[in-house]
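Heads up, the thing below is written out as structure tokens.
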Amino acid sequence: MAKVWIGAENIVSPLGLTAADNYAACLQNHSGIAAHEGIGLNGETLYVSRMKDVPSELPNTTSRILQMLYASVKDALRQTSLQLKNNKRVALILSTTKGDIEALEQGSLEGAALSKLVEDLSKLIGHEGEVNVLSNACISGAAAIILAHDMVQTKRADHVIVTGADVVSRFTLTGFQSLHAISHEAARPFCKTRKGVSLGEAAGTVVVSNDNSIFNGEAFDLLGGSTSNDANHISGPSRTGEGLYRAITKTLNRAGVSTADIDFISAHGTGTLYNDDMESVAFNRAGLKDTPLNSFKGYFGHTLGAAGVLEVALCMQTLRNNTMLKNMGMVEAGTVEQVNVLTEHISAPVKTILKTASGFGGCNAALLIQNNNA
Amino acid sequence: MQTIATIRIANSALYLNGQQMFAHEAENAEVFFKALYQYLKLEYPKFFKMDSLSKLGFLAVDALVQHTAEIKSYADDEIAVVFGNYASSLDTDQKYWNGVAAAEPVASPALFVYTLPNIVQGEIAIRHKWYGENMFLVLDRNNKTAVNNSAALLLETGKAKACVAGWVDYLNGAYEAEVALVRKPEE
């Protein structure tokens, strides 16, 4: 089985157009979340992280999400020597929940097909290998990186470009409103007085490869991961954190990594009462209650299908900079079980990071990245 | 990869390993799904709250479980569920969006929770108490083999001992499900 590397991360979000710029903005305590008037179902003001200026390298008839994906993938590829032409050994995986949902809002079913979005992207970047769309709700991004790992490890592909995106749309905004899951202020994950989710939009990209030499900068070890299901409820998190607990323990056992080896956890942390409580239970059960953790959703909002890729990109920046970012917006700790939520940015050597995600449909994911560069 | 059994639901009929088990000419998919539910002697009231995509996948997997004794021999996290389709959840997406776009906008939470393709995997996990790996792929109709390739990957890496894998697609009343129980060939 091949060794698997991960590098060349990008983030396109309201906070910047590169991973480094996004990380720097977080370090300066910036958040993309702001009040937007009139965007609710009945014209309510809602807090979202929305791009003011979407990258526009492509013709202006191109959908917003494709513009964001293209800018994200191009920046990631610039950080590699990867040749796409005549190379069937490069796969492309898109992680998204709703894709170009704005096409459906305008009445085009074909335009909203997720396979069309990845095929359009593949053509635009001159990619000739296998394409795939992974759509498992809010674990899509993490699950896509896990799939990429397994494809490279088993030699199904030599390199996999994993890119994730979702946009803030009337469709998703009204939907989360209907579930009473939207916070009427910027989301404050893991805070005692948290009030719900803020939605966000972003695209993120990472490159997974069997060859360290394709990366211009440092690449890291991708140790793989696992997914699981709660077998409990389609839209409510399990009170026992069963699925997340299983995903974490499977991931650690498979990688031969112990809880003591983990320096930092990038948790899911949506900001809803039940989700964050569920995570606190699962981390306690897994023996990770003292491990520093954050949710990045106070900076970016919940970017749905992009979240896993975006947050792994931020984890890679954390490895590059040896500074863990605080959990934006937390005033007072207050989950059902105690966990070690970062209230300040902490500079310390970071070698091993656990990334977790949970989503509707009861799905959960966990994966590990590690810096073994001396 | 070894196929233990395959269930196909299409054209108002249910097939096991290519052989027709049940057929019921119905005026629409929902009526046929209800007939199939009765044929399979299911008692699961939650079924009637599901969207059409979830009903389709749910029925296919229930039929598969009824016809493969082997499936009960696996521990609760040894079975993966890997599905693919073309239409994602677009059928329910349209229904949800029609409410929001109406003159008097209505956002239905009961519809919104089904606007993700993998919800059917959640319904199946709850029904059979399966805690294993989940993957939902959205693919072009000529790329169905990607589903089996991904299932094979989970078997090869040892993440799953068996996999319920296949195509579950529903859009505007047109439906097709073909799911199989697969496992590694015996050594």
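For the protein sequence lines, the chains are A and B, in the order given.
Quick note: the first sequence, position 117, residue 108 per the working numbering, numbers continuous.
For the working numbering, add 13 to where a residue sits in the second sequence, where the first one is 1.
For every residue, glycine included, the Cβ atom is placed at its ideal position computed from N, Cα and C.
Separation of residue j from residue i, as counted between CA atoms
| i | j | result |
| --- | --- | --- |
| residue 127 of chain B | residue 128 of chain A | 11 Å |
| residue 336 of chain A | residue 19 of chain A | 10 Å |
| residue 351 of chain A | residue 123 of chain B | 13 Å |
| residue 248 of chain A | residue 241 of chain A | 10 Å |
| residue 55 of chain A | residue 160 of chain A | 11 Å |
| residue 287 of chain A | residue 260 of chain A | 8 Å |
| residue 333 of chain A | residue 33 of chain B | 59 Å |
| residue 148 of chain A | residue 10 of chain A | 25 Å |
| residue 31 of chain A | residue 119 of chain B | 12 Å |
| residue 51 of chain A | residue 91 of chain A | 15 Å |
| residue 93 of chain A | residue 268 of chain A | 33 Å |
| residue 100 of chain A | residue 279 of chain A | 44 Å |
| residue 223 of chain A | residue 117 of chain B | 35 Å |
| residue 441 of chain A | residue 53 of chain A | Here chain A covers residues -8 to 365 and nothing more, so residue 441 of chain A does not appear. |
| residue 134 of chain B | residue 34 of chain A | 35 Å |
| residue 76 of chain A | residue 161 of chain B | 27 Å |
| residue 113 of chain B | residue 196 of chain B | 44 Å |
Pair within 8 Å by beta-carbon distance, residue i and residue j
| i | j | result |
| --- | --- | --- |
| residue 106 of chain A | residue 124 of chain A | yes |
| residue 216 of chain A | residue 273 of chain A | no |
| residue 42 of chain B | residue 188 of chain B | yes |
| residue 197 of chain A | residue 304 of chain A | yes |
| residue 69 of chain A | residue 209 of chain A | no |
| residue 84 of chain B | residue 166 of chain B | no |
| residue 99 of chain B | residue 154 of chain B | yes |
| residue -4 of chain A | residue 207 of chain A | no |
| residue 150 of chain B | residue 159 of chain B | yes |
| residue 49 of chain B | residue 35 of chain B | yes |
| residue 219 of chain A | residue 146 of chain B | yes |
| residue 136 of chain A | residue 299 of chain A | yes |
| residue 326 of chain A | residue 316 of chain A | no |
| residue 292 of chain A | residue 164 of chain A | no |
| residue 307 of chain A | residue 179 of chain A | no |
| residue 346 of chain A | residue 201 of chain A | no |
| residue 253 of chain A | residue 343 of chain A | yes |
| residue 89 of chain B | residue 142 of chain B | yes |
| residue 176 of chain B | residue 73 of chain B | no |
Cβ distance (whole Å) where residue i is taken to contact residue j below 8 Å
| i | j | result |
| --- | --- | --- |
| residue 145 of chain A | residue 170 of chain B | 7 Å |
| residue 87 of chain A | residue 155 of chain A | 6 Å |
| residue 66 of chain B | residue 104 of chain B | 6 Å |
| residue 170 of chain A | residue 125 of chain B | 7 Å |
| residue 330 of chain A | residue 271 of chain A | 5 Å |
| residue 89 of chain A | residue 157 of chain A | 6 Å |
| residue 119 of chain A | residue 79 of chain A | 6 Å |
| residue 183 of chain B | residue 69 of chain B | 5 Å |
Listed by chain order, chain A residues near residue i by CB distance under 7 Å
| i | result |
| --- | --- |
| residue 122 of chain B | 169, 170 |
| residue 169 of chain B | 145 |
Close-in-space but distant-in-sequence residues of the same chain around residue i (CB under 8 Å, 5 per side omitted)
| i | result |
| --- | --- |
| residue 80 of chain B | 18, 20, 29 |
| residue 110 of chain A | 122 |
| residue 199 of chain B | 15 |
| residue 67 of chain A | -1, 0, 1, 152, 154, 196, 197, 198 |
| residue 360 of chain A | -3, 211, 212, 213, 214, 303, 306, 307, 310, 343, 344, 346 |
Beta-carbon neighbours of residue i, restricted to chain B and to distances below 9 Å
| i | result |
| --- | --- |
| residue 201 of chain A | None at all; the shortest Cβ gap to chain B is about 15 Å. |
| residue 246 of chain A | Correct list: empty, because the minimum Cβ distance to chain B is about 12 Å. |
| residue 126 of chain A | 101, 102, 129, 130, 131, 149, 150, 151 |
| residue 312 of chain A | Here the premise fails: no neighbours, minimum Cβ distance about 32 Å. |
| residue 209 of chain A | What residue 209 of chain A touches in chain B: nothing, since even the nearest Cβ is about 26 Å away. |
| residue 161 of chain A | 110, 113, 114 |
Amino acids of chain B, ordered along the chain, whose beta-carbon sits closer than 7 Å to that of residue i
| i | result |
| --- | --- |
| residue 134 of chain A | 148 |
| residue 230 of chain A | By Cβ distance, chain B contributes nothing, its closest Cβ being about 14 Å from residue 230 of chain A, past 7 Å. |
| residue 178 of chain A | Correct list: empty, because the minimum Cβ distance to chain B is about 19 Å. |
| residue 103 of chain A | 103 |
| residue 226 of chain A | 126 |
Chain-ordered neighbours of residue i on chain B, where CB pairs are closer than 8 Å
| i | result |
| --- | --- |
| residue 142 of chain A | 166 |
| residue 354 of chain A | 131, 134, 135, 147 |
| residue 366 of chain A | The requested residue 366 of chain A does not occur in the structure, where chain A is confined to residues -8 to 365. |
Residue i beta carbon near the ligand NAP (any heavy atom closer than 7 Å)
| i | result |
| --- | --- |
| residue 81 of chain A | This structure lacks the ligand NAP; in fact it carries no ligand of any kind. |
Nonlocal neighbours in the same chain, by C-beta distance under 6 Å from residue i, ignoring five residues either side
| i | result |
| --- | --- |
| residue 281 of chain A | 331 |
| residue 5 of chain A | 23, 40, 42 |
| residue 250 of chain A | 278, 279 |
| residue 290 of chain A | 17, 22, 319 |
| residue 328 of chain A | 271, 272, 275 |
| residue 191 of chain B | 21, 179, 180 |
Contacting residues, own chain, Cβ-Cβ under 7 Å from residue i (five flanking each side not counted)
| i | result |
| --- | --- |
| residue 47 of chain A | 58 |
| residue 113 of chain A | 83, 122 |
| residue 371 of chain A | Within the shown structure, residues of chain A are numbered from -8 to 365, placing residue 371 of chain A beyond reach of any answer. |
| residue 313 of chain A | 338, 339, 340, 341 |
Proximal chain A residues relative to residue i, where beta-carbon distance stays under 8 Å
| i | result |
| --- | --- |
| residue 144 of chain B | 219, 220, 221, 222, 233, 234, 237 |
Cross-chain neighbours of residue i in chain A, by beta carbon under 9 Å
| i | result |
| --- | --- |
| residue 187 of chain B | Those within 9 Å of residue 187 of chain B in chain A number zero; the least Cβ separation is about 12 Å. |
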